[in-house]
Every structure is written in structure tokens, then in C-alpha cells.
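*Asks:* Dumping the structure here so I can ask a few things about it.
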Amino acid sequence: MEYGHWVEEQNKQILDLRSALNAHISDTQLETLVHGIMNHYFKLFCMKSTAAKANVFYVKYGLWKTAAERFFLWIGGFRPSELLKALVPLIEPLTEQQRFDACNLEKSCQQAEDALSQGMEKLQHLLAEAVAAGQVIEGTYIPQMTIAMERLEALVSFVNQADHLRQEALQQMSRILTIRQTARWLLALGEYFQRLRALSKLWANRPREPA
Numbered sequence: 002m003e004y005g006h007w008v009e010e011q012n013k014q015i016l017d018l019r020s021a022l023n024a025h026i027s028d029t030q031l032e033t034l035v036h037g038i039m040n041h042y043f044k045l046f047c048m049k050s051t052a053a054k055a056n057v058f059y060v061k062y063g064l065w066k067t068a069a070e071r072f073f074l075w076i077g078g079f080r081p082s083e084l085l086k087a088l089v090p091l092i093e094p095l096t097e098q099q100r101f102d103a104c105n106l107e108k109s110c111q112q113a114e115d116a117l118s119q120g121m122e123k124l125q126h127l128l129a130e131a132v133a134a135g136q137v138i139e140g141t142y143i144p145q146m147t148i149a150m151e152r153l154e155a156l157v158s159f160v161n162q163a164d165h166l167r168q169e170a171l172q173q174m175s176r177i178l179t180i181r182q183t184a185r186w187l188l189a190l191g192e193y194f195q196r197l198r199a200l201s202k203l204w205a206n207r208p209r210e211p212a
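This is the structure in C-alpha cells:
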């Protein structure tokens, strides 16, 4: 996965968006930047879907991400409800209707996340049963592995469903907000991920006591 290149492009887009907001460009010009950033996130979801088919564990556990990003990981990415809760207040002022709609979106995302998490727990239980099935003294486990492999196909589906939820949250927020508010929302979102990556570097390079 060309995640490093994706991050480089995202950093450039965030810089351009911040400059555009400070320059007070027209909504039409701003809309072009916003659509570019949204499509960049959608490109990431497509990249992850392709990668999950090759190695679903790599994607689910975010092995390409920094340590701080992985700390908040949920089925291969961010929890939409958590970011809505943390970042929506940063784009105030909002109308009462916008706050109401954003709150409802957060709740619906939370419900969908809970359902996917429960499904993941059930899948883990079924996978454990499949691996453990049969007599230990048989000396062969090919039948068990065949069933387990079939179970793992469902894991790819869960990763894709989680990314679909993330994409839906981004799209719904863009419908709730004006184009200028959406730009501020995407700026806050991008800077949030930048700060997590910066935190990982600071933590890795922190002074350490001699062993």
C-alpha cells in the first residue's frame, strides 16, 4: 500500500486548504479543494479494500500506521463517532439544525460501530471454534484450516464495511455543513491525523533513562 505517498499528498492538500481559508477565496474555488480532499480519502478506502484481499490482517491491525494512530484503531481505521464528537465543536458556529443533524449522525455511527464490533466478536468466536474442532490426537488439521479460511473471508467484509461507514460519515457531514464549514471540518480532520503522526515521532524519539 502506497500509504506514505498518500500521506504526503494529504499534507499538501491540508496546507493548500489552510492557505485558501486564510485567503478567503470564493466558495466555488473552495469547493474544488474540498472535493479533491474527499476523493483523496475515498482513494485510501479503495487502496485498503484491495490490500485487504491480499492480507486482511495487515489492514485490520493498521500495520502501516504510526503507533499513536494504531492506539485509536478500530477495524483498520478511525471510529467515525469519536471523531465527530471530538472535531465537530471545532467548526462552530453551527446552526441548531446542523448541531442536531451532526448529533444524530454521531449516534447512528455509534450504533453501526457497535453492530460491527459485535459481529467481529462473533466471528472471532466462530474462528476459534473452527481452529479447535476435531480430535487433537488425529494429527491432521486440514479440514479445520479449510473451515477457518472460509471464516476469514468474512473478516475482509468487516474491514470493507467499516471503511464504508467512514466514507458515509464524511459524505453525510459534507451534506450537513456549508462548503466553507466542510473545509474547516476537513482541515480539523487532517490536522488531527497529522498530530497523531507527530506524537508517534515524539514518543519514539523521547529521551530515555539508561538501562
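So the number in this note's numbering is just where the residue sits in the sequence shown, counting from 1, plus 1.
Even glycine gets a Cβ: it sits at the ideal position worked out from N, Cα and C.
Bear in mind the structure is a predicted one, so any value in this text is a computation, not a measurement.
1. My understanding is that Pro-90 touches Ala-170, with C-beta atoms under 8 Å, so please give their C-beta distance in whole angstroms.
2. By how many angstroms is the C-alpha of Gln-173 removed from the C-alpha of Leu-106?
3. Can you tell me the Cα-Cα spacing of Glu-210 and Leu-64, whole angstroms?
4. Given a cut-off of 8 Å on the beta-carbon distance, is the pair Thr-67 and Ser-158 in contact?
5. Return the first residue and the last residue of the alpha helix (DSSP H) that Arg-196 is part of.
6. Compare the beta carbon distance of Glu-70 and Arg-198 with 8 Å and say whether it is the shorter of the two.
7. Could you have a look at Gly-63 and say whether DSSP puts it in helix, strand or coil?
8. Thinking C-alpha only, which one of Met-39, Leu-124 and Ile-15 is nearest Ile-148?
9. Please state the DSSP three-state secondary structure of Gly-77.
10. Between Leu-31 and the rest of its own chain, which residues show a CB-CB distance below 7 Å, the 5 nearest in sequence each way excluded?
11. In terms of alpha-carbon separation, which member of Pro-94, Val-132, Glu-122 and Gly-78 lies closest to Gln-145?
12. Using only the alpha-carbon positions, how far apart do His-41 and Tyr-4 sit?
13. Could you give the DSSP three-state label for Thr-33: helix, strand or coil?
14. Report, in whole angstroms, the separation of the C-beta atoms of Lys-61 and Gly-37, which I expect to be a contact under 8 Å.
15. Going by DSSP in three states, Ile-26 sits in which element: helix, strand or coil?
*Replies:* For this structure:
1. About 16 Å separates the two Cβ atoms, so there is no contact after all.
2. 8 Å
3. 28 Å
4. no
5. Going by DSSP, Arg-196 is part of the alpha helix (DSSP H) stretching over 180–205.
6. The answer is yes: Cβ separation under 8 Å.
7. coil
8. Leu-124
9. If DSSP states are grouped into helix, strand and coil, Gly-77 belongs with coil.
10. Ala-21, Ile-180, Arg-181 and Ala-184
11. Val-132
12. In this structure, the straight-line span from the alpha carbon of His-41 to that of Tyr-4 is close to 12 Å.
13. Reduced to three states, the DSSP call for Thr-33 is helix.
14. Contact between Lys-61 and Gly-37 is ruled out by a C-beta separation of about 28 Å, above the 8 Å threshold.
15. The answer is coil: DSSP assigns Ile-26 none of H, G, I, E or B.
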